[in-house]
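Following: one structure in structure tokens, then a few remarks.
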């Protein structure tokens with residue numbers, strides 16, 4: 001079990017000198033129980049590996065600055081029945097992607113029963129018998145379905161207070177028996193529904209960029225889909241850590257379903273702004289690859305999740321990205337490069353970009369400068 005002995009919220013000098021982070025990380029990883037295993041063991045102080053070093057010196061805080069603005073909420077009702085409504089929705093989507101990089105969508109077509117079902121299914125997976133759950137624990141990148149805690153555990157400067165079930169659902173979905181029985185049916189149903197919504201969003205985004213509705217889809221942007229079911233246990237010292245560190249997403253866009261606990265924040269005009277849960281809504285955020293192909297017209301924005309005393313918080317993130325092993329090159333779309341507006345980024349493959357992203361982990365920095373011209 002990971003050591004949790006701490007006498008204060010600040011790391012004493014003598015502790016810094018003899019602290020063996022690698023051993024603590026390995027000890028935690030070897031339990032195959034994740035953060036929930038620590039909570040189940042009755043921890044009252046979090047292990048050092050979860051503490052942001054700058055937080056112990058008072059250099060940063062996790063607070064949110066009150067903002068008169070909030071992430072836009074866009075209603076998709078009647079979109080397919082009224083051309084004028086669709087035109088307005090496209091306009092709102094474009095404005096949100098340029099200004100915020102985030103928006104929430106309501107009346108998106110996925111039934112509330114399906115949303116509730118996947119949240120409950122992810123909860124069942126993470127709260128099932130520990131020995132059964134251990135069987136899914138892996139860091140093998142080739143596995144289509146796996147459970148672990150912190151994909152960047154050995155790269156990040158601070159581990160996050162979060163466990164995750166990951167399922168690669170496209171281009172080659174797992175066989176049903178490869179999915180955990182406790183959430184198999186709901187995972188397959190939610191995946192089918194969210195892919196339909198994703199394809200609709202690709203059309204809207206294409207049109208918001210002034211392109212043919214099928215432009216982004218025809219570029220292969222929707223060919224790979226990864227679904228992550230996050231579980232954020234209650235944290236005894238939420239002021240010292242984060243549920244998810246500040247980061248941008250390495251995809252074209254992400255569809256996020258969050259429960260009603262809250263904690264998601266976006267960085268807007270140098271201020272952290274809460275993204276309050278709205279019953280039935282889905283959060284849509286632009287990824288690095290869409291900022292790349294739109295030549296910075298649409299923004300991939302930093303976001304994070306706070307740790308909380310209450311919980312668990314459960315969310316389901318669906319990442320839309322191109323095929324990992326394809327040789328297809330992505331660069332700014334030429335139709336978006338009028339004279340006097342040169343490309344900002346060089347060509348890259350999905351595999352090259354993701355390899356760099358995962359090699360550095362959630363370090364608080366974007367990976368886009370790596371491919372900037």
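Numbering (the numbering used here), first residue to last: 1 to 373. Glycine residues also receive a C-beta, built at the ideal position from the N, C-alpha and C atoms. The model shown is predicted, which means the values in this text are computed figures rather than measured ones.
Where residue i falls, given that 16 or more other Cβ within 10 Å makes a residue buried
i, result
"residue 300", "buried"
"residue 162", "buried"
"residue 295", "buried"
"residue 133", "buried"
"residue 309", "exposed"
"residue 107", "exposed"
"residue 23", "exposed"
"residue 59", "Caution is warranted here: a pLDDT of 40 is assigned to residue 59, below 50, making its placement in the model unreliable, and no coordinate value can be reported."
"residue 140", "exposed"
"residue 315", "buried"
"residue 329", "exposed"
"residue 155", "exposed"
"residue 57", "Confidence at residue 57 is low in this model, with a pLDDT of 44, below 50, so its placement is unreliable and the value that follows should be read with caution. Exposed: under 16 other Cβ atoms inside 10 Å."
"residue 369", "exposed"
"residue 373", "exposed"
"residue 148", "buried"
"residue 271", "exposed"
"residue 355", "exposed"
"residue 269", "exposed"
"residue 313", "buried"
"residue 178", "exposed"
"residue 291", "buried"
"residue 208", "buried"
"residue 87", "exposed"
"residue 304", "buried"
"residue 317", "buried"
Under 8 Å between C-beta atoms of residue i and residue j
i, j, result
"residue 256", "residue 293", "no"
"residue 121", "residue 232", "no"
"residue 350", "residue 326", "yes"
"residue 262", "residue 250", "no"
"residue 234", "residue 44", "no"
"residue 222", "residue 199", "yes"
"residue 224", "residue 170", "yes"
"residue 278", "residue 104", "yes"
"residue 362", "residue 245", "yes"
"residue 274", "residue 265", "yes"
"residue 364", "residue 307", "no"
"residue 71", "residue 78", "no"
"residue 343", "residue 331", "yes"
"residue 252", "residue 320", "yes"
"residue 74", "residue 51", "no"
"residue 247", "residue 164", "no"
"residue 130", "residue 37", "yes"
"residue 166", "residue 226", "yes"
"residue 49", "residue 33", "no"
"residue 117", "residue 186", "yes"
"residue 184", "residue 173", "no"
"residue 144", "residue 136", "no"
"residue 353", "residue 371", "yes"
"residue 101", "residue 285", "yes"
"residue 46", "residue 168", "no"
Beta-ladder partner(s) of residue i, from DSSP
i, result
"residue 166", "146 and 228"
"residue 313", "232"
"residue 274", "265"
"residue 133", "Partner(s): none; residue 133 has no beta bridge."
"residue 247", "303"
Near the ligand FMN: residue i beta-carbon under 7 Å from a heavy atom
i, result
"residue 240", "Only the bare structure without any ligand can be found here, which leaves the ligand FMN out of the picture."
Where the alpha helix (DSSP H) containing residue i begins and where it ends
i, result
"residue 258", "Per DSSP, residue 258 belongs to no alpha helix (DSSP H); it is in the beta strand (DSSP E), 253-258."
"residue 24", "21-31"
"residue 123", "112-127"
"residue 181", "No alpha helix (DSSP H) holds residue 181; DSSP gives it neither H nor E."
"residue 354", "350-360"
Beta carbon proximity, residue i to chain D, threshold 8 Å
i, result
"residue 50", "Looking for chain D here will not work: only one protein chain is present."
TODO: With a floor of 4 residues, list each alpha helix (DSSP H) that falls wholly inside the stretch 194-241, ordered by position along the chain.
DONE: 215-218
Task: beta strand (DSSP E) runs wholly inside the stretch 33-107, at least 3 long, in chain order - done: 73-75 and 102-106
Task: beta strand (DSSP E) runs contained entirely in the stretch 280-346, provided each spans 3 or more residues - done: 282-286, 303-306 and 313-321
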